[in-house]
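To convert, count from 1 in the sequence shown and add 18; that's the numbering used here.
The structure appears right after this line, and notes come after that.
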Amino acid sequence: MTQTPFPLEVVPLDEVDQDIINLLKEDGRKAFTDIAKQLSLPESTVRYRVQRLLQSSVMQIRAQLNPRKLGVPHIVTMRINVACDRIDAVADFLSTLPEVQFVAIVTGHYNIIMDACFGTHEDLLALFNKIQRVPGIIHYDSCTILKLLKSEYQYSFTEHS
């Protein structure tokens, strides 16, 4: 039997759940009454299902900010090679940095990838200086994103299950 490195808690979704999720992906502020009307469901059913989807961590509803409009015009992606016994500790530390937006432990030559936003090159240099002092980091490289074409970490349903 094949085992995953972490237990998967699969939450079954039916066609109605998927339809509700797809409508909220278009507009996370859409009123339950509007969703109910579009799907020909009682508003109480939509409300119940959305609460269940939120409580089971199937989805989250958040505001997505545009860093450039907030005066933070630069994004850097970093690939980090870490000593095997320090991967979790380094990833946890990087996750605490306010400028870091995304951290993942990955397979391949590098153990961690991360994205960070910064306003000036001095801010980026300060981030590099922080990272260089972290115990366990063997090597890292970075690339500055020049043009962001898509920024969505969303799963899309291809068909109803």
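Yeah, the Cβ is synthetic: ideal placement off N, Cα and C, and Gly gets one too.
Any idea if residue i is buried or exposed, counting beta-carbon neighbours within 10 angstroms, 16 or more meaning buried?
i	result
leucine 83	exposed
aspartate 159	exposed
aspartate 45	exposed
Express the C-alpha separation of residue j and residue i in angstroms, rounding to a whole number.
i	j	result
proline 85	cysteine 135	7 Å
leucine 115	arginine 47	29 Å
glutamine 73	phenylalanine 111	27 Å
alanine 63	arginine 151	Looking at the sequence shown, residue 63 is not alanine but threonine. Cα to Cα, the separation comes out at about 52 Å.
Leaving out five residues before and five after residue i in sequence, what residues of the same chain have Cβ atoms less than 7 Å from its Cβ?
i	result
isoleucine 123	Ile105, Ala109, Asn129, Ile130
Grouping DSSP H, G and I as helix and E and B as strand, with all else coil, what is residue i?
i	result
histidine 139	helix
alanine 134	strand
valine 29	coil
isoleucine 156	strand
glutamine 82	coil
Could you please give the first and the last residue of the uninterrupted beta strand (DSSP E) stretch that includes residue i?
i	result
tyrosine 128	That residue, tyrosine 128, is in no beta strand (DSSP E); it is neither H nor E in DSSP.
glutamine 119	118-123
leucine 100	Correcting the residue identity first, residue 100 is valine in this sequence and not leucine. Note, valine 100: beta strand (DSSP E), 92-100.
On the DSSP letters alone, give me the boundaries of the alpha helix (DSSP H) that residue i sits inside.
i	result
asparagine 40	33-44
isoleucine 53	50-57
isoleucine 105	105-114
Spatial neighbours of residue i within its chain, please: CB distance less than 8 Å, with the 5 preceding and 5 following residues excluded, ordered by chain position.
i	result
aspartate 103	Gly154
arginine 80	Gly46
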